[in-house]
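Here the structure comes first, spelled out in structure tokens, and everything after it is commentary.
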Amino acid sequence: MLKNASNMLNPRILRRATQRFYLSIFQKTFPHPTLPEPFAYPQSQPQENDEIVVAMSSGVDSSVTAALLTEKFGAGRVRGIYMANWSQTAKCTEGEWNDVQKVCAQLEIPCERVNFEKEYWSDVFSPMIEMYEQGMTPNPDLGCNKYIKFGKMVEHLKRRSGSGKTNWWLATGHYARVEHRPDGNCNLIRGFDGNKDQSYYLASIAQGVLSNVLMPLGHFTKPQVREMARSRGICTAEKPDSVGLCFVSPDHTKFRHFLDEYIPPNPGNIVTEDGRVWGTHQGLWHATIGQKLGISMPQGDPNFKGIWFVSEKRVESNEIVIVKGGNNEALFKDSLDALEWQWFGDQPNSFPPLEFQIQYRSLQTPIPVQSCELLRDNKLRFNLDSKQRAMAPGQNVVLYKGNQIMGSGVLTRAYNSDL
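Take 2 as the starting number for the sequence shown in my numbering and just add one per residue.
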């Protein structure tokens, strides 16, 4: 176990320790380093002759994942696979594929490229566009993980295995952890590095998929992973982390300009809470709840002087509502409804106050849940322990119990329980 994670950032100590540590990460049981008091949980590992397929994005995380697995199990049992999900920006896709090939050549493992462009368009991109057009704020990363990386990719691997004589494992560079339970089911747990934890983005994948999934980086910090890449001379060691959607060209200075290429204009009014019109917009996707909105107001009048923020998007009237001040009470809500709810494993029998937490953004401080009500049609209603700023319809709501994911859904309404 890493008794003092901060010492591991010392390059000399790291080089000595990582050789020992990564060899233990696939053992049946190993310490969990997030809490002051360690505990152990079962972790399955590939057996002899199992094939290990590493989903490679061309970044340092998947590169190190491939390196660790190759060193552990041998180059003959590991191969890389790259998903081409978007073809309109060839520079993006081809650049990533070239880097994947370079890394695999360094590790002396084979690699292949699979095309899921049609599936990505129909299952991820088109639904995202529709949600933006309806004034919502979706996160396509969750859809990509659910439908593509842990959906179509898994189907592809199952087809390749044919009769199933060769068992396969899908390994990814996610900063999250998989607990393999004795009953054959799996739990999904936060990553050790609180600054890089990616469990939020994985909350909507099918639980059954995890029985054949490895996430070796869940026990490391990002600086440790960078150093492992440097010490091995991996060509992507200094490659910056990707930010946003790869296929959004740098020519689009704002994401809404990218959306404008796919959504026709739908002009409407920008109004204050009293209904007074102060401007117009070209579509509800041009604004996000909590966003500062540059609009001309009579600064000589103290009632209007200041910075104005988006507090609401009224789909029925196609209006964007603004309020003055970033801490305006209209921006804060203590309750929310979530649709399309799916439990990650067993549904809890009860919801004791403050025992569960939610997040509606990644890397957000977990918000204690005061109460939870199960409604019809896979709908949950949460009352939070405190008011939260800028909860927007379309965001993914993820329910945790401590470090473990319990379920997820899509936020449809945020409001105050006392109204």
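Beta carbons are placed, not taken as given, at the ideal position from N, Cα and C, and that holds for glycine.
{"Query": "Beta carbon of Leu-218 nearer than 8 Å to that of Asp-62", "Result": "yes"}
{"Query": "Boundaries (first-last residue) of the beta strand (DSSP E) holding Gly-410", "Result": "405-416"}
{"Query": "Presumed contact (8 Å Cβ cut-off) between Lys-305 and Gly-291, rounded CB distance", "Result": "Strictly speaking, residue 305 in this sequence is Phe, with Lys absent from that position. In fact, because the Cβ distance is near 20 Å, the residues do not count as touching under 8 Å."}
{"Query": "Cut-off 6 Å between Cβ atoms - residues of its own chain near Gly-280, not counting five sequence neighbours on either side", "Result": "Ile-271 and Ile-296"}
{"Query": "In DSSP terms, what Glu-320 is bridged to", "Result": "Arg-315"}
{"Query": "Burial state of Val-278 (16 or more Cβ within 10 Å)", "Result": "exposed"}
{"Query": "Of the listed residues Gly-326, Glu-356 and Gln-348, nearest to Arg-390 (C-alpha basis)", "Result": "Gly-326"}
{"Query": "Beta-carbon proximity list for Leu-15, same chain, < 8 Å, skipping 5 on both sides", "Result": "Reliability fails at Leu-15, whose pLDDT of 35 lies under 50, so the model's placement of it is uncertain and the value that follows must be treated cautiously. Around Leu-15: Met-9, Gln-225, Glu-228, Met-229 and Ser-232."}
{"Query": "Candidates Arg-377, Phe-357 and Asn-319, of which the one nearest Gln-135 by Cα", "Result": "Asn-319"}
{"Query": "Leu-171, buried or exposed, once every other Cβ within 10 Å from all chains shown has been counted against 16", "Result": "buried"}
{"Query": "Whole-Å CB distance - Gly-174 paired with Thr-94, under 8 Å assumed", "Result": "With 8 Å as the limit, Gly-174 and Thr-94 do not qualify as a contact, their Cβ atoms being about 18 Å apart."}
{"Query": "For Leu-332, the first and last residue of its enclosing alpha helix (DSSP H)", "Result": "Looking at the DSSP string, Leu-332 is not in any alpha helix (DSSP H), and its letter there is neither H nor E."}
{"Query": "At least 3 beta-carbon pairs within less than 8 Å: the region 389-407 vs the region 145-153", "Result": "no"}
{"Query": "Close beta carbons around Arg-161, own chain, < 8 Å, minus the five adjacent residues each side", "Result": "Trp-169"}
{"Query": "Cβ separation of Gln-208 and Cys-187, assumed to be a contact under 8 Å, to the nearest whole Å", "Result": "6 Å"}
{"Query": "Beta-bridge partners of Arg-178, as assigned by DSSP", "Result": "Ile-190"}
{"Query": "Opening and closing residue of the beta strand (DSSP E) in which Gln-135 lies", "Result": "Per DSSP, Gln-135 belongs to no beta strand (DSSP E) and is neither H nor E."}
{"Query": "Span of the beta strand (DSSP E), counted from its first residue to its last, around Arg-80", "Result": "79-85"}
{"Query": "Own chain, CB closer than 6 Å to Asp-142, minus 5 neighbours either side, in chain order", "Result": "Tyr-202"}
{"Query": "Inter-stretch contact at 8 Å, needing at least 3 Cβ pairs: the region 362-379 / the region 112-126", "Result": "no"}
{"Query": "Which of helix, strand or coil DSSP assigns to Leu-260", "Result": "helix"}
{"Query": "For Ile-53, the residue or residues it bridges with in DSSP", "Result": "Val-79 and Trp-170"}
{"Query": "Beta-carbon proximity of Tyr-133 to Ile-264, cut-off 8 Å", "Result": "yes"}
{"Query": "Straight-line Cα distance separating Leu-294 from Ile-308", "Result": "8 Å"}
{"Query": "DSSP-derived helix/strand/coil call for Gly-234", "Result": "coil"}
{"Query": "Same chain only: Cβ atoms within 6 Å of Asp-124, ignoring 5 sequence neighbours per side", "Result": "Tyr-148"}
{"Query": "Member of Leu-158, Glu-156, Val-210 and Met-84 whose CA lies at the smallest distance from the CA of His-181", "Result": "Val-210"}
{"Query": "Heavy atom of the ligand PLP within 7 Å of Asp-142 beta-carbon", "Result": "Annotation note on the ligand PLP: not contained in the displayed structure, which lists no ligands."}
{"Query": "Within 8 Å, strictly: CB atoms of Ser-336 and Val-324", "Result": "no"}
{"Query": "Alpha-carbon spacing of Phe-383 relative to Val-101, whole angstroms", "Result": "43 Å"}
{"Query": "Collapsed DSSP secondary structure at Asn-140 in the structure displayed", "Result": "coil"}
{"Query": "Spatial distance of Arg-377 from Thr-413 (CA atoms)", "Result": "14 Å"}
{"Query": "With 16 other Cβ atoms within 10 Å as the buried cut-off, status of Ala-48", "Result": "Per the sequence shown, the amino acid found at residue 48 is Gln instead of Ala. Exposed, since its Cβ has fewer than 16 Cβ neighbours within 10 Å."}
{"Query": "Beta-carbon spacing of Gly-408, Phe-345 below 8 Å", "Result": "yes"}
{"Query": "Helix, strand or coil at Ser-212 [DSSP, three-state]", "Result": "helix"}
{"Query": "Selection from Pro-139, Ile-206, Ala-238 and Asn-86 that minimises the alpha carbon distance to Phe-117", "Result": "Asn-86"}
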